[in-house]
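Worksheet for the structure shown next.
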Amino acid sequence: MTHFDTIVIGAGVSGLTAARFLTQAGQRVVVLEARDRVGGRTWTERSDGLISDRGASWIHGVDNNPLTDVVRGFGMRTVEFTVGSYQPDSRPIAYYSPNGERLSDSDVTEFADDVRAFDRQLVATVAASTLGDSYEDVVDSALAALDWNADRAARVREFLLHRSEEQYGVHAGLLDAHGLDDDTVEGDEVVFPDGFDQLAANLATGLDVRLEHVVTGIEWSSGGAAVTSSRGILTAARVVVTVPIGVLKSGDLSFEPALPNWFTTAVAGFEMNNFEKVFLRFPTKFWDDNVYAIRQQGPAGEWWHSWYDLTDLHGIPALLTFAAGPSAIDARHWTDDRIAESVLDALRGLYGERVETPTHVLVTRWQDDPYSRGSYAYMKPGSTPEDHDLLATPIDGVLHFAGEATWTDDPATVTAALRSGHRAAENILGQELPFEGLANPL
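Residue numbers for the sequence shown follow our numbering, so the first one is 13 and each next one is one higher.
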């Protein structure tokens, strides 16, 4: 039986990053991936010469971000698109009032200033919250402290609830009060005209990656581990586990002996979200010019409230919206056509008969993916930000965990996945590893 220094489970960004650093250090490493491709939740759809990122799309803030340096090291092209963190303005956004009228520039500025004033109050409210409070609880408490009139408060409240859905794919009542503590962006946001999956492809180059190896069990002790997959058993001195929270909670991956109680308690504080992308391409562009996004306020925007203009990125008229939180749950078993018609009906409320039949519709299905069981993880009420760190704590020097949910500062991002893989490699090697060398050929 072949014995390795390290077995990495999962060929997403976190697993490939750890494997690449360890291989560069001279270790014998193998990466086992259940899917028939690398990338995990970075997955790019290529059809008819067009590119759509089914999974991760953005670098949320390029400043002081090691992911930016790695992407540049691999020579990947980026395009600025600073609207991916549900900012109230940042770049031009077409807002529509509850009665369907477009807000003037001055009205948008006034609304965005309200959101910023609220956010300042929210910081203090979250800091004063008690264990078990939800994000909805602290939103309502912050609004009460501001004592605004009903309409003003309602517009800001719905914005914050939509922010919870778009940022974490969950209703604010199910998200911990601290669930958006990391919701800051330093510098521009960028997307990838050639597809974000190029990152995983570059990271995987030169590594021993074995696809369609579904790992079902890990037997471990202080002396090492045996990993059982659909293709057999491999042994190693240590294992880096990068499967998503949804897989850890599913029971599809067993550990013998069982993982420590402090670890499983931390895992229980997280849940995978309900978050899907809906891409629509059209014959012509019938919506607002010179805006990054379109937003509908009021009851008409309960489900479909934000559309992102991908025309410049795709080269043809295209919009992206999200089924997030309640809408993703309710529409989970709808056909793509039914989802598209629901989105189009919302657009008709803004543009009437100008709305065209799309030439192409793409709906993601991360909730039904057995190897992710959702798009990314969120904190349930009662969990704490420190639980992210607990998930990353090595167990007996043999089991190491990485992935977006194990990074505290900016979880649910590719940056978090990258940095968590880097940390796992540093923990294994017992030394600092500069990001600058990650893109170097193996």
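The beta carbon of each residue, even a glycine, is placed where N, CA and C say it ideally should be.
{"Query": "Please work out which residues of its chain come closer than 7 angstroms, Cβ to Cβ, to P406, disregarding the five sequence neighbours upstream and downstream, and give them in chain order.", "Result": "H412, N439"}
{"Query": "Buried or exposed: H345, going by 16 or more other Cβ atoms within 10 Å of its Cβ?", "Result": "exposed"}
{"Query": "Would you identify the three-state DSSP class for T254, choosing helix, strand or coil?", "Result": "coil"}
{"Query": "Within this structure, are the beta carbons of A189 and D149 separated by less than 8 angstroms?", "Result": "yes"}
{"Query": "Please confirm whether V290 and I351 have their CB atoms less than 8 angstroms apart.", "Result": "yes"}
{"Query": "Leaving aside the five residues before and after S102 along the sequence, list all residues of the same chain whose C-beta is less than 7 angstroms from its C-beta, in chain order.", "Result": "T94, V95"}
{"Query": "Contact between the segment 333 to 340 and the segment 178 to 193: three or more CB pairs below 8 angstroms?", "Result": "yes"}
{"Query": "Using beta-carbon positions only, say whether T29 and H434 come within less than 8 angstroms of one another.", "Result": "yes"}
{"Query": "Does the count of Cβ pairs from the segment 410 to 430 and the segment 318 to 327 closer than 8 angstroms reach three?", "Result": "no"}
{"Query": "With W232 as the anchor, note down where its alpha helix (DSSP H) starts and where it stops.", "Result": "Element bounds for W232: not the alpha helix (DSSP H) but the beta strand (DSSP E), 227 to 233."}
{"Query": "Is it the case that the segment 28 to 48 contacts the segment 225 to 238, given that we only count it when at least three CB pairs across the two stretches are under 8 angstroms?", "Result": "yes"}
{"Query": "Considering only residues of the segment 50 to 96, which uninterrupted beta strand (DSSP E) runs meet the minimum length of 3 residues and lie entirely inside it, listed in chain order?", "Result": "56 to 59, 62 to 65"}
{"Query": "Excluding sequence positions up to five away, which residues of its chain have a Cβ less than 8 angstroms from the Cβ of L219?", "Result": "L28, A31, R32, T35, V41, V43, L454"}
{"Query": "Tell me the DSSP bridge mates of I440?", "Result": "Partner(s): none; I440 has no beta bridge."}
{"Query": "The ligand ZN and T396: does the residue's C-beta get closer than 7 angstroms to at least one heavy atom of that ligand?", "Result": "Among the components of this structure there are no ligands whatsoever, and the ligand ZN is therefore not found."}
{"Query": "Would you list the one or two residues that DSSP bridges to I341?", "Result": "Per DSSP, none; premise fails for I341."}
{"Query": "Rounded to the nearest angstrom, what separates L332 and W319 at their Cα positions?", "Result": "5 angstroms"}
{"Query": "Do you know offhand how far A37's Cα is from E448's?", "Result": "14 angstroms"}
{"Query": "Identify whether T425 lies in helix, strand or coil by the three-state DSSP scheme.", "Result": "coil"}
{"Query": "Could you work out which residue in Q133, S97, V251, V74 is closest to D200 when comparing CA atoms only?", "Result": "V74"}
{"Query": "Short check: CB of A436 to CB of V221, under 8 angstroms?", "Result": "no"}
{"Query": "Just mark L458 as buried or exposed, buried being the case when its beta carbon has 16 or more other beta carbons within 10 Å.", "Result": "With the chain covering 13 to 454 only, the question about residue 458 has no answer from this structure."}
{"Query": "Express the C-alpha separation of D145 and G87 in angstroms, rounding to a whole number.", "Result": "44 angstroms"}
{"Query": "Between the Cα of A213 and the Cα atoms of D152, G52, T347, S141, which residue gives the shortest distance?", "Result": "G52"}
{"Query": "Which one of G394, R66, E122 has the shortest CA to CA distance from W378?", "Result": "R66"}
{"Query": "Mind the definition here: the segment 378 to 396 touches the segment 167 to 175 only if three or more C-beta pairs lie below 8 angstroms; say whether that holds.", "Result": "no"}
{"Query": "Tell me, which residues are paired with G236 by DSSP?", "Result": "S233"}
{"Query": "Which residue wins for smallest C-alpha separation from P295, given the options A330, V20, D206, F334?", "Result": "A330"}
{"Query": "Just how far apart, CA to CA, sit A429 and F334?", "Result": "22 angstroms"}
{"Query": "Using DSSP with H/G/I as helix, E/B as strand and the rest coil, what is E198?", "Result": "coil"}
{"Query": "Under the three-state reduction of DSSP, which class applies to T18: helix, strand or coil?", "Result": "strand"}
{"Query": "If you drop the 5 nearest sequence neighbours on each side, which residues of the same chain put their C-beta closer than 6 angstroms to that of R431?", "Result": "W419"}
{"Query": "Quick one: complete alpha helix (DSSP H) runs, 4+ long, within the segment 315 to 394?", "Result": "323 to 326, 338 to 342, 348 to 363"}
{"Query": "Taking only three categories from DSSP, how would you classify K297?", "Result": "coil"}
{"Query": "Can you grab the Cα-Cα spacing for the pair I19 / N77, in whole Å?", "Result": "27 angstroms"}
{"Query": "Pull the bridge partners of A305 from the DSSP assignment, please.", "Result": "I105, Y320"}
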